[in-house]
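Single-structure report; data block below.
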Amino acid sequence: MATTALDLAKVRNIGIMAHIDAGKTTTTERILFYTGVNYKIGEVHEGAATMDWMEQEQERGITITSAATTCHWTLDDVDHTINIIDTPGHVDFTVEVERSLRVLDGAVTVFDGVAGVEPQSETVWRQADRYGVPRICFVNKLDRTGAEFHRCVDMIDARLGAVPLVMQLPIGTEMDFQGVVDLVAMKALVWSAEAAKGEMYDVVDIPATHVEAAAEYRGKLLETIAEYDDQMMELYLEGQEPDTEQLIAAIRRATIASTKGENKGKPTFTPVFCGTAFKNKGVQPLLDAVVRYLPSPLDIEGIQGHAVNNEEEVIVRQPSDDEPFAGLAFKIMRDPHLGKLTFVRVYSGVLEAGSSVLNSVKGKKERIGKIYRMHANKREEIPSVGAGDIIAVMGLKDTTTGETLCDPSNAVILESMTFPAPVIEVA
Ligand code: GDP
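Following this line, the structure appears as structure tokens:
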């Protein structure tokens, strides 16, 4: 059977996290809208067809009902698969929140441009720190009265103890918010009224009113990235400017490295973007940023598990289709048409429909029924799924969330049933 393995470098498994009301739902819906405008599964990219889809979706409103929704975003003519994992909105120290953090590789943190960093933003931030999840930030609602981008950036520094890297400057405030200065490309991105219909922004020269601030913030950006990246430091000391590609690569390295390995526990380095999801301004560059700066499954170290009968015996599985299959069931949902669906993150190997796998926690064999990729507007049945990907499986009888599914002859348990003790926040 043909596998549907993806080019892992072009996969992003992300979550979107926020304090309630900051705009997580709106941002997610706009992401699905813009990605849907540009991509239709199994259909030709035809203007008319795209318009139909958009109109239908606008009437119905795009809703996210799935624990993981797959969408596609094209950057520099390259198609990328983005799996959006639903991170529960309420932020108790529940196993469910922790489990969703466990299966995603990177996250977008959405802030309300008026309220800035709120209590739940702090909670989700600390949880993501604990799980070593690299993050980019989106300061939303810049159209609202009282919105202040720079105040929010200062709060990310002061309240979250992170190192925010200002990637954009807003052009216009509140009702007059029109677009952003992109400090990497040193261009202005301006949205017209057509943005609400999925149109791209216009790329224009930085307005005269913003040239000075843009130069100042570009300088700060280069200084900050030099502190995090040796190659950038070298250029900085030589008084040379990196080209756009070098700069993007360095910001990506710094974002991913800052929550990993020996950097864990140090301030999290996080690129900051802005806009208004509700008014359709800022979401497309945010999607570019997801692809550019958040890790692919290949950027994550192999997942650690242990042998079935011996917790001391560590087993590491690499994100490769050539490894034995191992995956984590992280969510069970009831679909009105399909019945019970088990969402699985495949960490290694290939999972095939109709195959038999082992639930290593329960010590029971499970038969894999159909495998589905869930999109915003449809589900797609696929014959198999490779390492690094996230899908829904039909037909599992005994598996509950948090349990490992694996190759019966190469058993491993990926998640110990005890979670690290919650960090108690002291106000
Ligand atoms: P969530 O609780 O984080 O999922 O927040 P929602 O996406 O449901 O948004 C909360 C409220 O803020 C809703 O009434 C949205 O319409 C509104 N909202 C979201 N984004 C924006 C924005 O960019 N500007 C304005 N003015 N309102 C927004």
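The number in the working numbering is simply the position in the sequence shown, starting from 1, with 113 added.
Beta carbons are placed, not taken as given, at the ideal position from N, Cα and C, and that holds for glycine.
**Q.** Supposed close pair Cys250, Phe386 - CB separation, criterion 8 Å
**A.** Numbered from 1 along the sequence shown, position 137 holds the residue referred to as residue 250. Numbered from 1 along the sequence shown, position 273 holds the residue referred to as residue 386. At roughly 7 Å, the Cβ-Cβ gap stays under 8 Å, so Cys250 and Phe386 are in contact.
Q. When the Cα atoms are used, what is the spatial distance from Ala489 to Tyr349?
A. In the sequence shown, counting from the first residue as 1, residue 489 sits at position 376. In the sequence shown, counting from the first residue as 1, residue 349 sits at position 236. Straight-line Cα distance between these residues: approximately 44 Å.
Q) Excluding the five sequence neighbours on either side, which residues of its own chain have a C-beta within less than 7 Å of the C-beta of Ile526, listed in chain order? A) Taking the first residue of the sequence shown as 1, we reach residue 526 at position 413. Excluding sequence neighbours, Ile526 sits near Gly418, His419, Val421, Ser473, Val474 and Thr517.
(Q) Tell me the DSSP secondary structure of His419 in three-state form. (A) The residue you call residue 419 lines up with position 306 of the sequence shown. Note: His419 maps to strand in three-state DSSP.
**Q.** Gly136: CB within 7 Å of a non-hydrogen atom of the ligand GDP
**A.** As a position in the sequence shown, residue 136 is number 23, starting the count at 1. Under cutoff, so the answer is yes.
Q. Buried or exposed: Arg215, going by 16 or more other Cβ atoms within 10 Å of its Cβ?
A. Reading the sequence shown from its first residue, position 102 is the one you call residue 215. Looking at its Cβ environment, which holds 16 or more other Cβ atoms inside 10 Å, Arg215 is buried.
**Q.** Spatial neighbours of Thr337 in its chain, beta-carbon cut-off 6 Å, leaving aside the 5 residues before and after
**A.** What you label residue 337 is simply residue 224 of the sequence shown in a count that begins at 1. Counting only residues of its own chain and dropping the five nearest sequence neighbours on each side, Thr337 has a CB closer than 6 Å to the CB of Leu278.
Q. So the beta strand (DSSP E) Ile364 belongs to, where does it begin and stop?
A. The residue you call residue 364 lines up with position 251 of the sequence shown. Unbroken run through Ile364 is the alpha helix (DSSP H), Thr357 to Ala370; no beta strand (DSSP E).
Q | Cut-off 6 Å between Cβ atoms - residues of its own chain near Leu509, not counting five sequence neighbours on either side | A | The count along the sequence shown starts at 1 and reaches residue 509 at position 396. If we look at Leu509 and ignore the five residues flanking it on each side, its Cβ neighbours are Thr455 and Glu479.
Q: Assign Leu121 to one of three DSSP states: helix, strand, or coil.
A: Here residue 121 corresponds to residue number 8 of the sequence shown, with the count starting at 1. Helix.
(Q) Please determine whether the Cβ atom of Arg248 lies at a distance below 7 Å from any heavy atom of the ligand GDP. (A) The residue given as residue 248 occupies position 135 in the sequence shown. No - the ligand GDP has no heavy atom lying nearer than 7 Å to the Cβ of Arg248.
Q: Report the option in Thr513, Gln291, Lys137 and Arg125 whose CA atom is closest to the CA atom of Gly388.
A: By 1-based counting over the sequence shown, the position of residue 388 is 275. With distances taken between Cα atoms, Gly388 lies closest to Gln291.
(Q) When you measure from the CB of Ala328 to every non-hydrogen atom of the ligand SAH, does any distance come out below 7 Å? (A) Among the ligands present in this structure, namely the ligand GDP, the ligand SAH is not found.
Q: State the beta-bridge partners of Asn126 as determined by DSSP.
A: The count along the sequence shown starts at 1 and reaches residue 126 at position 13. Beta-bridge pairing links Asn126 to Asn196.
Q | Euclidean distance between Cα positions of Leu302 and Ile319 | A | Residue 302 sits at position 189 when you count from the first residue of the sequence shown. Residue 319 sits at position 206 when you count from the first residue of the sequence shown. Cα to Cα, Leu302 sits roughly 9 Å from Ile319.
Q: Below 8 Å CB to CB, which residues in the same chain sit around Tyr485 once its five sequence neighbours on both sides are set aside?
A: Within the sequence shown, numbered from 1, the residue matching residue 485 stands at position 372. Scanning its chain for C-beta atoms nearer than 8 Å, with the 5 sequence neighbours on each side dropped, one finds around Tyr485 the residues Leu451, Leu454, Arg492, Glu493, Glu494, Ile495, Ile504, Ala505, Val506 and Met507, in chain order.
Q.
If I measure Cβ to Cβ from Lys300 and keep anything under 8 Å in the same chain, skipping five residues before and after, which residues do I get?
A. In the sequence shown, the residue the question calls residue 300 occupies position 187. Same-chain partners within the cutoff: Val294, Val316, Val317, Asp318 and Ile319.
Q | Bridge partners - Leu518, DSSP secondary structure assignment | A | Here residue 518 refers to the residue found at position 405 of the sequence shown. For Leu518, which the question treats as bridged, DSSP gives the partners Gly440 and Asn472.
Q | Through-space distance from Val396 to Glu307, alpha-carbon basis | A | Position 194 of the sequence shown holds residue 307. Position 283 of the sequence shown holds residue 396. Whole-angstrom Cα-Cα distance: 14 Å.
Q) At a Cβ threshold of 8 Å, is Val237 touching chain B? A) Among the chains of the structure shown, chain B does not appear; only one protein chain is present.
Q) Based on the DSSP output, what are the partners of Trp186 in its beta bridges? A) In the sequence shown, residue 186 corresponds to position 73, counting from 1. Trp186 pairs with His193.
Q | Chain-order list of residues whose beta-carbon lies under 6 Å from that of Arg459 (same chain, five-residue window excluded) | A | Within the sequence shown, residue 459 is the residue found at index 346, counting from 1. At residue 459 the sequence reads Val, which differs from the Arg that was named. Once the five neighbours on either side are set aside, the close Cβ partners of Val459 are Gly440, Val498, Ala500 and Asp502.
Q. Nearest CA to the CA of Phe382: which residue from Glu465, Ala328, Leu273 and Met446?
A. Within the sequence shown, numbered from 1, the residue matching residue 382 stands at position 269. Comparing Cα-Cα distances from Phe382 to each of Glu465, Ala328, Leu273 and Met446, the minimum goes to Leu273.
**Q.** Element boundaries [beta strand (DSSP E), containing Ser213]
**A.** Residue mapping note: residue 213 aligns to position 100 of the sequence shown, counting from 1. Premise fails: Ser213 lies in the alpha helix (DSSP H), Val208 to Val216, not in any beta strand (DSSP E).
Q: Would you tell me roughly how many angstroms separate the C-alpha atoms of Asp520 and Phe438, rounded to the nearest one?
A: Here residue 520 refers to the residue found at position 407 of the sequence shown. Here residue 438 refers to the residue found at position 325 of the sequence shown. C-alpha separation (whole angstroms): 5 Å.
Q: Run the CB neighbour count on Lys394, radius 10 Å, all protein chains shown included, and call it buried at 16 or more, exposed below.
A: Residue 394 sits at position 281 when you count from the first residue of the sequence shown. Classification for Lys394: buried.
Q | Thr389 beta carbon near the ligand GDP (any heavy atom closer than 7 Å) | A | Counted from its first residue, the sequence shown places residue 389 at position 276. Answer for Thr389: yes, Cβ within range of the ligand GDP.
Q: Measure the alpha-carbon distance for His185 versus Ala402 and round it to whole angstroms.
A: Locating residue 185 in the sequence shown gives position 72, counting from the first residue. Locating residue 402 in the sequence shown gives position 289, counting from the first residue. Rounded to the nearest angstrom, the two C-alpha atoms are 14 Å apart.
Q | Terminal residues of the beta strand (DSSP E) in which Phe262 lies | A | Here residue 262 refers to the residue found at position 149 of the sequence shown. In the DSSP assignment, Phe262 falls outside any beta strand (DSSP E) and lies within the alpha helix (DSSP H) extending over Phe262 to Ala271.
Q: Report yes if the C-beta of Arg264 is less than 7 Å from at least one heavy atom of the ligand GDP; otherwise report no.
A: Mapped onto the sequence shown, residue 264 falls at position 151. No; taking the cut-off as 7 Å, the Cβ of Arg264 has no heavy atom of the ligand GDP nearer than that.
Q. Heavy atom of the ligand GDP less than 7 Å from the Cβ of Asp289, yes or no?
A. Counting from one through the sequence shown, the residue named residue 289 turns up at place 176. No; taking the cut-off as 7 Å, the Cβ of Asp289 has no heavy atom of the ligand GDP nearer than that.
Q | Beta-carbon contacts of Asp356 that lie in its chain and below 7 Å, excluding the five residues immediately before and after | A | Sequence index remark: in the sequence shown, residue 356 carries index 243 (1-based). Same-chain partners within the cutoff: there are none.
Q) By Cβ distance, which residues of its chain are closer than 7 Å to Gly229, with the 5 residues on each side in sequence left out? A) Sequence index remark: in the sequence shown, residue 229 carries index 116 (1-based). Answer for Gly229: Arg264, Cys265 and Met268, listed in chain order.
Q | Three-state secondary structure (DSSP) of Ile445 | A | Taking the sequence shown and counting its residues from 1, the one referred to as residue 445 is at position 332. Residue state, collapsed to three classes: strand.
Q: Return the Cβ separation of Asn253 and Val223 in integer angstroms, given the expectation that the two are a contact with Cβ distance under 8 Å.
A: Residue numbering aside, residue 253 sits at position 140 when the sequence shown is read from its first letter. Residue numbering aside, residue 223 sits at position 110 when the sequence shown is read from its first letter. Yes, Asn253 and Val223 are in contact; Cβ-Cβ is about 5 Å, under 8 Å.
Q. Are at least three pairs of beta-carbons, each pair with one atom in the segment 357-375 and one in the segment 230-238, less than 8 Å apart?
A. no
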